Amino acid sequence: AADLARTAERRAGDLLAPPAPVRLGDVVPAPERVLPDPAADFTLTADAAIRVSAAGRDVAEQLADWLRPATGFPLPVTDGPLPADGPLVLTLSEAPLTEPLGGVDAAGAAGAASAASAASAADEAGPVDVAGAVDGLGDEGYRLDVTSAGVRITAATAAGLFHGAQTLRQLLPAAIDGAAPVAERWAVPGGSIIDRPRFPYRGAMLDVARHFFPVEDVLRVVDHLARYKLNHLHLHLTDDQGWRIAVDSWPRLAEVGGVTEVGGGTGGFYTQADYRRIVAYAARRHVTVVPEIDLPGHTNAALVAYPELAPGKVPPPPYTGTEVGFSYVDPADERTYAFVADVVGEVAALTPGPWLHLGGDEAFKVPADTYRAFVERAQTIVAATGKTVVGWHQLAPAGHVDGRVLQWWGTNGDDPETAEAVRRGARLILSPGNRVYLDMKYAADTPIGHDWAGLIDVHRAYDWDPGTHLTGVPAEAVLGVEAPLWTESVTTLAEVEFMLFPRLPAVAELGWSPRSTHDWAGFRERLAGHGPRWTAAGITFHPSPDVPWP
Ligand code: TNX
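Written out as structure tokens, the structure is:
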């Protein structure tokens, strides 16, 4: 009876309450379909529980971890039955539940669907069959239903549930990102979202070679990616200024090659245990780590450690400047290929994901045919580990190996060499330097960063289409997008965040959202609402004049 009274009291409170401050469509990246039902707002209260199916357990625990600090609510996670009139429920399930969640009314939501379809740019396919919409969600899609009785997230996979949980987090008031309890009405806007990604590969790169970033910083970057449904973290692990991953068979790489960085600092490297920790942390957040061992250029740190790899067999001095293109491993020495096989073998063994990035950029001192022969051998070595070769688009002239992926970082979409590699079977990750290079300055007065590819504020990062960017490359050849952050001038986590935010969410939207949702005017409004979230979460960001911050 006391429970019933409490429920009645809460419902009465809801009726008097103003609408949720966040609208259902305020999500970044924009969902495929948004079907608002303003009569169905939900309010999260202290008696809420999260009910899960077995496969959703870990996502539910993470959702609870995100929601507990600011709400102060206990939010127990349970896979048992809950009393019908008991606590409000967030349900995470990989398949539709047999018992309906009270108040989720398929017919009513379908009505809202047709009403909303005119307003939703994403609705190419007409009204949604809300009742059966789990089919077609794919590997990463989800469906989220909010009624006054609760919230339900449904997906075919844990990754889909995770993305749905991130959406739910964004639908709560911005104060949800705070670290300590605040008094707030934790309203969630009513209606349904049905969502799945446009591209399977959505990533960011962190250059940990020019400046080293400790494990904790990398984990926080993973959290930032996961918020915006990015699912790959590319780590640029080796360069002239530092070698950042311990290799047991060539220990001096990290021990000697790891102690330098740009500007003369002491650098650092990841032990294999550190690296496994990053990989596991990312995996839990449905982020795949893509390790890069940059070859044959960008290898001065390796040559300092092992002069036998250097063309003249003379150790070069350690390098802490920011020039590129001067170093390379000796392509004429068999020991070089043993080194490549050993390093790639150990890195592959640390890598549960399918990708291994070979670099291949800016080997300016290596003649074209020598370069090609080197790369073809290196690609074969990677393929032999069972991993799929990824490389910068300079790899294009080399022969195709099964599945290979080129990461295009050009600034002019007319690139016949890359288009030809695509015709021979390569797929592409798009990282156009003048759109998504996160080391580019926002404006002339940005205190850190470069400008060789131009100035890139949010509008410029957002307003291009990965599906049509390269002449002669069909959208089907595009695996996705990635925003690289080179760190010659970036030295702290706060500086990393400053360069990521707010451009990273723009790139995330290009990778996730259907093209039909693309709309700068709407994006800048949605993005503006995230400023207070970053502030609450202690995330440093550039207060771009492109965005109407509240
Ligand atoms: C080019 S992009 C590089 C990097 C630099 C970057 C600076 C690419 C594959 N190579 O070595 O850090 O420019 O913006």
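Note that full-length UniProt numbering gives residue 450 to position 425 of the sequence shown, counting from 1, and the numbers run on in steps of one.
Here a beta-carbon is modelled for each residue, glycine too, at the ideal position from N, C-alpha and C.
It should be emphasised that the depicted structure is a prediction, and the values quoted were computed from it without experimental measurement.
Using the Cβ count rule (16 or more neighbours within 10 Å means buried), how would you classify residue i?
i           : result
Phe548      : buried
Arg223      : buried
Ala64       : exposed
Ala140      : With a pLDDT of 33 at Ala140, under the threshold of 50, the modelled position of that residue is not reliable, and the figure given next carries that caveat. It counts as exposed.
Thr443      : buried
Ser274      : exposed
Ala234      : buried
Val314      : buried
Val153      : Reliability of the predicted coordinates at Val153 is poor, the pLDDT of 36 falling under 50, and the value obtained from them is presented with this limitation in mind. Buried, since its Cβ has 16 or more Cβ neighbours within 10 Å.
Val415      : buried
Trp559      : buried
Arg252      : buried
residue 637 : With the chain represented from 26 up to 575, any question about residue 637 goes unanswered, as that position is not in the structure.
Arg310      : buried
Val213      : buried
Pro239      : exposed
I believe residue i touches residue j by the beta-carbon criterion, under 8 Å. Please report the beta-carbon distance rounded to the nearest angstrom.
i      : j      : result
Ala486 : Val532 : 6 Å
Val329 : Pro343 : 5 Å
Ile454 : Val506 : 7 Å
Thr116 : Trp211 : The Cβ separation is near 17 Å, so there is no contact.
Ala553 : Pro575 : 6 Å
Leu278 : Val284 : 11 Å between Cβ atoms; not a contact.
Based on Cα-Cα distance, which residue from the options lies nearest to residue i?
i         : options                        : result
His475    : Asp299, Val503, Pro509         : Pro509
Pro61     : Ala451, Lys412, Pro44          : Pro44
Thr345    : Leu92, Glu513, Pro101          : Glu513
Ala80     : Gly105, Val53, Leu186          : Leu186
Val430    : Ile201, Tyr226, Ala212, Pro46  : Tyr226
Lys390    : Val483, Ala205, Trp477, Phe351 : Phe351
Pro341    : Phe67, Ala307, His323          : His323
Val483    : Arg551, Ala423, Thr542         : Arg551
Asp470    : Tyr331, Gly370, Trp211, Ser569 : Ser569
Ala190    : Val243, Glu280, Ala89, Leu250  : Ala89
Ser118    : Gln404, Leu169, Pro276         : Leu169
Phe237    : Asp248, Ile270, His257, Val213 : Ile270
Trp477    : Val447, Trp434, Gly450         : Trp434
Thr296    : Glu371, Glu445, Ser173         : Glu371
residue 8 : Val572, His555, Asp571         : The chain is shown from 26 up to 575; residue 8 falls before or after that span and cannot be answered.
Pro85     : Val176, Ile564, Gly161, Leu162 : Checking the sequence shown, residue 85 turns out to be Ala, not Pro. Nearest of Val176, Ile564, Gly161, Leu162 to Ala85, Cα basis: Val176.
Is DSSP giving residue i helix, strand or coil here?
i      : result
His418 : helix
Glu86  : helix
Arg223 : coil
Ala131 : Model confidence at Ala131 stands at a pLDDT of 34, short of 50, so the residue's coordinates are unreliable and nothing is read from them.
Ile406 : helix
Gly505 : strand
Glu280 : helix
Leu197 : coil
Glu317 : strand
Trp211 : strand
Tyr306 : helix
Thr172 : strand
Gln432 : strand
His257 : strand
Whole angstroms are fine: how far does the CA of residue j sit from the CA of residue i?
i          : j      : result
Arg528     : Gly337 : 43 Å
Trp91      : Asp164 : 23 Å
Thr493     : Gly228 : 19 Å
Leu495     : Arg452 : 12 Å
Val407     : Asp232 : 21 Å
Asp319     : Asp51  : 39 Å
Leu518     : Arg245 : 9 Å
Asp148     : Trp489 : Because Asp148 sits at a pLDDT of 34, beneath the cut-off of 50, its placement in the model cannot be relied upon, and the following sentence gives the value as read from the coordinates. In a straight line, the C-alpha of Asp148 is about 21 Å away from that of Trp489.
Val171     : Leu196 : 10 Å
His567     : Tyr467 : 8 Å
residue 15 : Phe98  : There is simply no residue 15 to check, as the chain begins at 26 and stops at 575 in what is shown.
Leu463     : Trp511 : 7 Å
Ala335     : Asp265 : 13 Å
Ser538     : Pro356 : 43 Å
Asp427     : Val207 : 53 Å
Arg58      : Val102 : 28 Å
Thr376     : Thr361 : 22 Å
Ile473     : Phe526 : 14 Å
Pro46      : Gly536 : 27 Å
His382     : Val515 : 22 Å
Pro392     : Pro321 : 12 Å
Gly424     : Gln404 : 9 Å
Val461     : Arg397 : 28 Å
Val447     : Ala502 : 7 Å
Ser173     : Asp66  : 5 Å
Examine chain C for any beta-carbon lying closer than 9 Å to the beta-carbon of residue i, and answer yes or no.
i      : result
Arg168 : Given the protein chain composition of this structure (a single chain), no chain C is represented.
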